[in-house]
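I have placed the structure first, in the form of structure tokens, so that the comments after it can refer back to it.
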Amino acid sequence: MKKRISVVFTLLTIILLGSSFVAKSLASGKQDPKKKSKDSIEKLKKEPREAVIVDTVIEYKGKFKSYKKSAHASYYADRFHGRRTASGRRYDKNLLTAAHKSLPFGTKVKVTNEANGKSVIVEVTDRGPFVRGREIDLSRRAFYTIASSSGKGYINVSMEVLQK
Numbered sequence: 407m408k409k410r411i412s413v414v415f416t417l418l419t420i421i422l423l424g425s426s427f428v429a430k431s432l433a434s435g436k437q438d439p440k441k442k443s444k445d446s447i448e449k450l451k452k453e454p455r456e457a458v459i460v461d462t463v464i465e466y467k468g469k470f471k472s473y474k475k476s477a478h479a480s481y482y483a484d485r486f487h488g489r490r491t492a493s494g495r496r497y498d499k500n501l502l503t504a505a506h507k508s509l510p511f512g513t514k515v516k517v518t519n520e521a522n523g524k525s526v527i528v529e530v531t532d533r534g535p536f537v538r539g540r541e542i543d544l545s546r547r548a549f550y551t552i553a554s555s556s557g558k559g560y561i562n563v564s565m566e567v568l569q570k
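If you want this note's numbering, it's the 1-based position in the sequence shown plus 406.
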């Protein structure tokens with residue numbers, strides 16, 4: 407019984423000391439690392455970047471140059487989700503990424519479905535597709551963003567590359 411009381415007393419002491427340390431650090435002007443200060447936000451706004459986020463819309467700096475028209479696009483199989491890509495990043499079927507045989511990693515590509523005019527901007531993170539006649543492999547999210555509900559696993563697209 408005495409051991410339990412001493413353990414509880416020790417834990418309460420640690421909790422009280424920890425909370426007083428947090429209170430002192432907040433009073434001294436140190437901020438919580440999870441919160442961004444106005445200065446850091448202003449610094450981010452001044453930095454030159456290739457993409458700017460404006461009210462949940464991403465605006466890319468530069469122009470898109472036509473790369474290929476009437477290309478065949480497909481999407482990655484779900485079995486690749488979580489595996490490493492050729493660039494070293496993990497493939498996530500819920501991100502807007504793509505695989506291309508020759509474009510450099512990190513290239514932004516605007517892929518437009520020729521049938522309905524919908525488009526999506528993806529980043530090249532992998533090599534492929536390794537199926538004859540296919541030009542680009544899109545992540546599942548990117549594919550279904552531009553595909554109509556026809557149930558096909560491939561679509562005809564036009565591709566444009568972001569020029570800085």
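Think of the CB as a built atom: it goes at the ideal place given N, C-alpha and C, for glycine as much as any other residue. Keep in mind the model is a prediction, meaning the values are calculated, not measured.
Minimum C-alpha distance to residue 516 - residue among 482, 487, 486, 544: Among 482, 487, 486, 544, the Cα nearest to that of residue 516 belongs to 544.
Return yes when the Cβ of residue 496 is within less than 8 Å of the Cβ of residue 489, no when it is not. yes
Strand pairing of residue 470, partner residues [DSSP]: 568
Between residue 492 and residue 519, what straight-line distance do the alpha-carbon atoms span, to the nearest angstrom? Between the alpha carbons of residue 492 and residue 519 lies a gap of roughly 26 Å.
Look at the alpha carbon of residue 549 and the alpha carbon of residue 467, and state the distance between them as a whole number of angstroms. 24 Å
Let's see if you can read the secondary structure: which residues bound the alpha helix (DSSP H) around residue 548? 546-552
Quick check on DSSP: helix, strand or coil for residue 443? Residue placement at residue 443 cannot be trusted, given a pLDDT of 48 that sits under 50; the coordinates are not used to answer.
Would you mind reading off the limits of the beta strand (DSSP E) that contains residue 513? Looking at the DSSP string, residue 513 is not in any beta strand (DSSP E), and its letter there is neither H nor E.
Considering only C-alpha positions, which residue in the set 513, 522, 512 is nearest to residue 555? 522
Have a look at residue 463 and residue 547 and give me their C-alpha separation to the nearest angstrom. 17 Å
Measuring only the C-alpha atoms, how far is residue 476 from residue 507? 17 Å
Under 8 Å between C-beta atoms of residue 502 and residue 528: yes
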